[in-house]
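*Asks:* Dropping the structure in here first, questions after.
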Amino acid sequence: MAVIFFDANVLYADIDREQFDVIRAIARTEHRVCLPAVVRDELVARKILPHRAAHAALAASARKFANSAPWTEAPPALPAYDEAAAREHWKRVYADVFEVVPTPPGVADLALEREAYCDKPAKIKVLDDPKSKKGGARDVAIWLTVTDFLHRNPRTHVIFVSNNPKDFGDGSSFPPLLEHDLGSERYRFTLLTSLEAAIAAVTKPVHIPEADKEAVLRTLLATENTAATVAAAAVQDRRFRNGWSAVDLDNPGGTRYPQIHAHAWVGTPVAELIDLSNGTVHQIGKDTWYLATARWALVGLASHGPFIGARVPTVTMTGAVWRTRMLFSAAVDDLPSVIKSDAIEDPGRGDGPCNDTLKHAAGLWRDRYSSAEVLLRDQVERQLRWRQLQGFIDTLNGNAAAGNGDVPPFTTPTAMGAIDAVAQWLAAEARSGAGGPLDEDDE
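Just so we're aligned: 387 in the working numbering is position 388 of the sequence shown, and the numbers increase by one with no gaps anywhere.
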């Protein structure tokens, strides 16, 4: 087992690039991928500082616009910049990939001391150069965090990845003070200077002929458990919370389904794999890990607008196409993961396989949720005018909102379970002939 520490300078690139996908795979094995807390904060700061500046520039532009047009009403005030929320977001992003190792006690003071005396890995000030300045306390803190971990874990091989050979060395030798820090554990320590070198140190690429690759990947991904994982991830994904381009599968028009703007899933959709691309295979220890970009057909009931008071939006069978990056292995007990997702594709421009898969997924949904469909398609828009049912749904939605923040109506497990109960209630009402739907004149 190896524990791999990363310096900030090898992670400045976009965290969505494919090399990070391999790091995610490594993190799922016996190896550990870590960031010293100082590195995590440096990476987060590189995201926050431009964001903070952009907010300030936007606020200044809004004031300038308002001042240039005194005859108009002042535009709404720009919300205050919530830097705490921004920091927490990026901390979560990095925590999803890396384990963060806190700075050991006393290291911060020692880092400042080394910077003051220009001791490595701090910068060395050239005394007769006015442009030369002291610095590097963060580099010292990073180094001492890594070496402290090395000494506290005597059976672990530690790899440190940093593209800073001037201060840390190139891995073949170290400045004397750094050699002293490593001490007798030097044989368990490796310094690498690139992300590519770190990946190569613990993984081996596995070659699969291109003609066979999609079939191999599809065999592992096209399972009911994977489809359920993807469908659950779609309900939680922020891209599906503010509306998206979709097609109305209830109303086929010519050779393509009409496009709509869906607002929210009503319940959980079903997912079916359309196609795969950009697949790679990696041997990590004894396990084989796969990465692939997968397009999924998502089909289920979706509203065309929000549920507001007694106003009930149109609900139809809706199809969407979602592109995801999947990480998975052949292990039976290791479910594939959606490690990132792209924007929802416009299914109205879909190809033949896309439309065929949407149609097939719609059949799967009807087979699985026929009782809920009867309620939500054939009854909701009419029967929600019943006062009893409207009160029940209002209570249901209130419970969902109270327990799940901004989760759309009917998307919680409790709400989904209640849908069948409401369907049974409606059927009982219809059989008894009591409390039938209001006639149009009764509104």
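For every residue, glycine included, the Cβ atom is placed at its ideal position computed from N, Cα and C.
1) Apply the 10 Å Cβ neighbour rule to Pro120 and answer buried if 16 or more other Cβ atoms are within range, or exposed otherwise.
2) Using the C-alpha atoms, what's the distance from Val269 back to Ala226?
3) According to the Cβ coordinates, are Pro204 and His281 closer than 8 angstroms?
4) How about the segment 100-107 and the segment 134-154: do they share at least three Cβ pairs that are nearer than 8 angstroms?
5) Let me know if Asp138 comes out buried or exposed under the rule of 16 or more other beta-carbons within 10 Å of its beta-carbon.
6) Exposed or buried, which one is His262 when buried takes at least 16 other CB atoms within 10 Å?
7) Given Asp274, which residues of its chain have a CB within under 7 angstroms of its CB, disregarding the five upstream and five downstream residues?
8) As a quick exercise: from Leu176, Pro75, Phe327 and Trp70, pick the residue whose alpha carbon is nearest that of Ser60.
9) Could you compute how far the alpha carbon of Lys46 sits from the alpha carbon of Ala94?
10) Between the segment 31-38 and the segment 0-10, can you find at least three pairs of beta-carbon atoms closer than 8 angstroms?
11) Mind checking whether Thr323 and Val337 have CB atoms under 8 angstroms apart?
12) Around the Cβ of Tyr186, are there at least 16 other Cβ atoms within 10 angstroms (buried) or fewer (exposed)?
13) Please state whether the Cβ-Cβ distance between Ala329 and Thr287 is less than 8 angstroms.
14) Reducing DSSP to helix, strand and coil, say where Tyr289 ends up.
15) In three-state DSSP terms, what is Ser183?
16) Nearest CA to the CA of Gly134: which residue from Lys122, Glu87 and Pro153?
17) What are the partner residues of Val100, as DSSP defines its beta bridges?
18) Counting only beta-carbon atoms, is Val38 nearer than 8 angstroms to chain B?
19) What number of angstroms, rounded off, separates the C-alpha of Ile22 from the C-alpha of Ile198?
20) Thinking Gly318 and Ala245 are a contact (beta carbons under 8 angstroms), I'd like their distance in whole angstroms, please.
21) So, is Asn250 buried or exposed, given that buried needs 16 or more other C-beta atoms within 10 angstroms?
22) List, from N- to C-terminal side, the alpha helix (DSSP H) runs of 4 residues or more that fit wholly inside the segment 315-359.
23) Are the beta-carbon atoms of Val1 and Val201 separated by less than 8 angstroms?
24) In the structure shown, what three-state DSSP assignment does Pro164 receive?
25) Three Cβ pairs or more, each shorter than 8 angstroms: is that satisfied between the segment 169-186 and the segment 11-18?
26) Which of the three DSSP states, helix, strand or coil, is assigned to Trp264?
27) Between the Cα of Lys285 and those of Tyr11, Glu29, Ala12 and Asp13, spot the shortest distance and give me the residue it belongs to.
28) Report the CB separation of Ala48 from Leu10 in whole angstroms; it is logged as a contact under 8 angstroms.
29) Roughly how many angstroms separate the alpha carbons of Asp13 and Val92, rounded to a whole number?
30) Between which two residues does the beta strand (DSSP E) carrying Trp243 extend?
31) Who are Ser276's beta bridge partners in DSSP?
32) From what residue to what residue does the alpha helix (DSSP H) around Thr228 run?
33) Where does the unbroken beta strand (DSSP E) through Ile14 begin, and where does it stop?
34) Report all residues from its chain with a CB closer than 7 angstroms to the CB of Asn277; omit the five preceding and five following residues, and keep chain order.
35) In the DSSP assignment, find the beta strand (DSSP E) that holds Phe148 and state where it starts and stops.
36) Would Ala454 pass as a contact of Leu272 if the rule is Cβ separation under 8 angstroms?
*Replies:* According to the data block:
1) On the sequence shown, residue 120 is found 121 positions in, with the first residue counted as 1. Its Cβ being crowded by 16 or more others within 10 Å, Pro120 is buried.
2) Reading the sequence shown from its first residue, position 227 is the one you call residue 226. Reading the sequence shown from its first residue, position 270 is the one you call residue 269. The straight-line gap from Cα to Cα measures roughly 7 angstroms.
3) Within the sequence shown, residue 204 is the residue found at index 205, counting from 1. Within the sequence shown, residue 281 is the residue found at index 282, counting from 1. Against a cut-off of 8 angstroms, the Cβ pair of His281 and Pro204 comes out as a contact.
4) Touching, yes.
5) Sequence index remark: in the sequence shown, residue 138 carries index 139 (1-based). It is buried - the Cβ of Asp138 has at least 16 other Cβ atoms within 10 Å.
6) For the purposes of this step, residue 262 is identified with residue 263 of the sequence shown, where counting begins at 1. Buried, by the Cβ-count rule.
7) Walking along the sequence shown from the start, residue 274 turns up at place 275. Arg294 and Pro352, listed in sequence order.
8) Walking along the sequence shown from the start, residue 60 turns up at place 61. When only C-alpha atoms are compared, the closest one is Pro75.
9) On the sequence shown, position 47 is the one that residue 46 refers to. On the sequence shown, position 95 is the one that residue 94 refers to. Cα-Cα distance, rounded: 15 angstroms.
10) yes
11) In the sequence shown, counting from the first residue as 1, residue 323 sits at position 324. In the sequence shown, counting from the first residue as 1, residue 337 sits at position 338. Result yes, Cβ atoms of Thr323 and Val337 sit closer than 8 angstroms.
12) In the sequence shown, residue 186 corresponds to position 187, counting from 1. Classification of Tyr186: exposed, given that the 10 Å Cβ count is below 16.
13) The residue you call residue 329 lines up with position 330 of the sequence shown. The residue you call residue 287 lines up with position 288 of the sequence shown. Ala329 places its beta carbon less than 8 angstroms from that of Thr287.
14) Here residue 289 refers to the residue found at position 290 of the sequence shown. DSSP places Tyr289 in strand when its eight states are reduced to three.
15) In the sequence shown, the residue the question calls residue 183 occupies position 184. If DSSP states are grouped into helix, strand and coil, Ser183 belongs with the helices.
16) By one-based count along the sequence shown, residue 134 stands at place 135. With distances taken between Cα atoms, Gly134 lies closest to Lys122.
17) Translated into positions along the sequence shown, residue 100 becomes position 101. In the DSSP output, where bridge partners are listed per residue, Val100 has Pro35.
18) In the structure shown, chain B does not exist; there is a single protein chain.
19) Within the sequence shown, residue 22 is the residue found at index 23, counting from 1. Within the sequence shown, residue 198 is the residue found at index 199, counting from 1. Approximately 7 angstroms, taken between the alpha carbons.
20) Numbered from its first residue, the sequence shown carries residue 318 at position 319. Numbered from its first residue, the sequence shown carries residue 245 at position 246. Yes, Gly318 and Ala245 are in contact; Cβ-Cβ is about 6 angstroms, under 8 angstroms.
21) On the sequence shown, residue 250 is found 251 positions in, with the first residue counted as 1. It is exposed - the Cβ of Asn250 has fewer than 16 other Cβ atoms within 10 Å.
22) Listed in chain order, the alpha helix (DSSP H) runs fully inside the segment 315-359 amount to none, counting runs of at least 4 residues.
23) Residue mapping note: residue 1 aligns to position 2 of the sequence shown, counting from 1. Residue mapping note: residue 201 aligns to position 202 of the sequence shown, counting from 1. Looking at the sequence itself, residue 1 is Ala, so the reference to Val does not match. Yes. Within cutoff.
24) To locate residue 164, count along the sequence shown from 1; it is residue 165. Reduced to three states, the DSSP call for Pro164 is helix.
25) no
26) Stepping through the sequence shown from its first residue, residue 264 is reached at position 265. In the structure shown, Trp264 sits in a strand (DSSP, three-state: E or B).
27) On the sequence shown, position 286 is the one that residue 285 refers to. Lys285 has its Cα closest to that of Glu29, out of Tyr11, Glu29, Ala12 and Asp13.
28) Here residue 48 refers to the residue found at position 49 when the sequence shown is read from its first residue. Here residue 10 refers to the residue found at position 11 when the sequence shown is read from its first residue. According to the sequence as given, residue 48 is Leu; it is not Ala. Going by Cβ atoms, the distance from Leu48 to Leu10 rounds to 16 angstroms, so no, they are not a contact pair.
29) The residue labelled residue 13 in the question sits at position 14 within the sequence shown. The residue labelled residue 92 in the question sits at position 93 within the sequence shown. Near 12 angstroms, if we compare the C-alpha coordinates of Val92 and Asp13.
30) Within the sequence shown, numbered from 1, the residue matching residue 243 stands at position 244. Counting along the chain, the beta strand (DSSP E) containing Trp243 begins and ends at Trp243 to Asp247.
31) Here residue 276 refers to the residue found at position 277 of the sequence shown. BP columns for Ser276 point to Thr292.
32) Working through the sequence shown from its first residue, we reach residue 228 at position 229. First-last of the alpha helix (DSSP H) with Thr228: Glu223 to Gln235.
33) If you number the sequence shown from 1, residue 14 lands on position 15. Unbroken run through Ile14: none, as it is neither H nor E.
34) Position 278 of the sequence shown, counting from 1, holds the residue named residue 277. A distance below 7 angstroms between beta-carbons, with the five flanking residues on each side excluded, links Asn277 to the following residues of its chain, in chain order: Ala291 and Thr292.
35) The sequence position of residue 148 within the sequence shown is 149, counting from 1. It is not in any beta strand (DSSP E) - Phe148 instead sits in the alpha helix (DSSP H) that spans Ala136 to Arg151.
36) What is shown of the chain runs 0 to 442, which leaves residue 454 out entirely.
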